[in-house]
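> After the structure tokens below, expect a handful of questions from me.
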Amino acid sequence: MKRFLITTSVVLASLAITAVPALADSCANVSRAAPSPTGPGPIIKGNWVWLPSIGVPVDAWGFAPPGTIDSTAFGFPGANGNYTNGQTSSLLGVSANCPPGANANRQTDHGIQSGCE
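Here the numbering used here = 1-based position in the sequence shown + 1.
See below:
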């Protein structure tokens, strides 16, 4: 029974981790503190959105990179420009952490996570 619970927990955690990038335009900040409740509607700070405030069941901040579909659709700051010069829509897309596997020593349990699209 204990093995079943551990296996189930690991599978659910891995599904949650892989779902975050897809729902957050490829990256999420899992270390940033949760915001104070402000009432109904999305909680937005710059280009970051608190995912539970838009119905995503993950306690993390999602990022809408400037110039991407999410950024322009919701009128986030910098909606008319992409600081990666159009190379990627991922926050870490042009960093040493992409493509995946390029930095084997990178942490994955806190800080900014990326799908490196």
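In this text, a Cβ means the ideal position worked out from N, Cα and C, and glycines have one as well. None of these values were measured; they are calculated from a predicted model.
1) Check the DSSP bridge columns for F64 and list the partner residues they point to.
2) Just to confirm, is the Cβ distance from P78 to G47 under 8 Å?
3) Out of A29, I70 and Q88, point me to the one whose CA is closest to Q51's CA.
4) Could you give the distance in angstroms between the alpha-carbon of I55 and the alpha-carbon of S32?
Taking the coordinates as given:
1) Locating residue 64 in the sequence shown gives position 63, where the first residue counts as 1. In DSSP, F64 forms a bridge with W49.
2) Here the question's residue 78 lines up with position 77 in the sequence shown. Here the question's residue 47 lines up with position 46 in the sequence shown. Their beta carbons are under 8 Å apart, which means P78 touches G47 by this criterion.
3) Here the question's residue 51 lines up with position 50 in the sequence shown. The sequence as given places Trp at residue 51; Gln does not occur at that position. Taking only the C-alpha atoms, the option nearest W51 is A29.
4) As a position in the sequence shown, residue 55 is number 54, starting the count at 1. As a position in the sequence shown, residue 32 is number 31, starting the count at 1. Cα-Cα distance, rounded: 19 Å.
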